[in-house]
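Each residue of the sequence shown is one higher than the last, beginning at 6 in our numbering. Where a beta carbon is used, it is the ideal one built from N, C-alpha and C, also for glycine.
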Amino acid sequence: MELINYRETHTSLVDAYVLSEEQLRFTAHPSKSIPLCMAEPNRHAILGIENDRLVVYFALHEQEGVQPYSDNPKAILLRTLSTEYNELGKGYGKAALQQLPEFVQLQFPQVNEVVLAVNVANGFARMLYEKYGYKDTGRRVKGSKGILIVMSYLLEGRV
Numbered sequence: 006m007e008l009i010n011y012r013e014t015h016t017s018l019v020d021a022y023v024l025s026e027e028q029l030r031f032t033a034h035p036s037k038s039i040p041l042c043m044a045e046p047n048r049h050a051i052l053g054i055e056n057d058r059l060v061v062y063f064a065l066h067e068q069e070g071v072q073p074y075s076d077n078p079k080a081i082l083l084r085t086l087s088t089e090y091n092e093l094g095k096g097y098g099k100a101a102l103q104q105l106p107e108f109v110q111l112q113f114p115q116v117n118e119v120v121l122a123v124n125v126a127n128g129f130a131r132m133l134y135e136k137y138g139y140k141d142t143g144r145r146v147k148g149s150k151g152i153l154i155v156m157s158y159l160l161e162g163r164v
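As C-alpha cells, then:
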C-alpha cells in the first residue's frame, strides 16, 4: 500500500469508498473530509492506495487544527482515519500507521509530533494506536460524537 496526496483525479476512488454505519459512528466519509481539505490549505487529504483501489483514507491537519489537542506548534493532527469497509481485516489500517511517521517526516519536515483524538467508545482503534506507538496524553476533549482521548506519537530525531 502506498500513501499519496489526494488529487481531483481520485474522485472516482473516493466515490466507491464504503464505510459501514458502525464506522460512521466514529469517523467521517472522505467525501465529507476532502472538501474541507480543498478549502483549507493546512488540511491535507491522504489516500492509501493498493492495486489502484482506495483502501485507507485520512487527513492531516496542521497549525490551527492541532490547537484543541496539543500545545505543540510543530504537531500535526491525524483526522478521520478509516479503512474501506470491504478491506477491513486485511492489515491496511496497520500499514497506514506503520508508514505514517516516515510519510509525515518527508511531507512535513517541520513536524515533530503526530496527534490524534479517538472516541472513548472506540476501544479497537485505541488499542491499534497504542500498538503502533501512540501514547495517551491524559488530555480529554469533547467532540461532536462524544469524549475523545488525545494520543501522541513523537517523531524520533525531531525537536
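Residue j beta carbon less than 9 Å from that of residue i
i	j	result
A166	I39	For the chain, the structure presents residues 6 to 164; residue 166 sits outside this window and is missing.
R48	H66	yes
F63	A126	no
L24	Y90	yes
Where residue i sits in the DSSP three-state scheme
i	result
L93	coil
T88	strand
V166	There is no way to answer for residue 166, as the model of the chain reaches only from 6 to 164.
E67	coil
H15	helix
L24	coil
A166	This structure does not reach residue 166, given that the chain is present from 6 up to 164, and the question cannot be answered.
Closer than 9 Å to chain C by CB, residue i
i	result
E69	In the structure shown, chain C does not exist; there is a single protein chain.
Cβ separation of residue i and residue j, assumed to be a contact under 8 Å, to the nearest whole Å
i	j	result
Q104	L8	5 Å
M6	E55	4 Å
V61	T88	5 Å
G143	N124	16 Å between Cβ atoms; not a contact.
G138	A101	Incorrect: roughly 13 Å between the Cβ atoms, too far for contact.
>> Under 8 Å: do the segment 146-157 and the segment 115-134 share three or more Cβ pairs, one atom per stretch?
In response: Taking a contact to require three or more Cβ pairs closer than 8 Å, the segment 146-157 and the segment 115-134 qualify as touching.
> Can you list the beta strand (DSSP E) stretches of 3 or more residues lying completely in the segment 104-160, in chain order?
Replying inline: Listed in chain order, they are 118-124, 140-148, 151-159.
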